[in-house]
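Numbering (the numbering used here), first residue to last: 871 to 976.
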């Protein structure tokens, strides 16, 4: 069976779990902090899971922005390595670009 599209649904059959998505979010938030974006809180979104292999979290930044991140529940190396995308406010991006999209515009 071929791997799923990096932008579309991430089937559970490929090992996506909520626990891994939460671990990935912790690393994503750490990387955001290294990029100068301080996250003051994050929590599962009201519609956290839609059966696509990504779980939604709402992050609030210290500059009062609210962002919805739909994080894949695959091993971190696969997500960081471009095997699938992270959705930031509904748009799919690979790891580094997703971090960039969470920064304030210059």
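Cβ atoms here follow ideal geometry from the backbone N, Cα and C, with glycine treated the same way.
Remember, it's a predicted structure, so these values are computed and weren't measured experimentally.
Check	Outcome
Alpha-carbon spacing of residue 931 relative to residue 905, whole angstroms	13 Å
According to DSSP, residues forming a beta bridge with residue 941	925
Contact check, residue 959 vs residue 937, beta carbons under 8 Å	yes
C-alpha distance - residue 885 paired with residue 911, whole-angstrom precision	27 Å
Buried versus exposed, by CB contacts within 10 Å (16 or more), residue 889	exposed
Where residue 897 sits in the DSSP three-state scheme	helix
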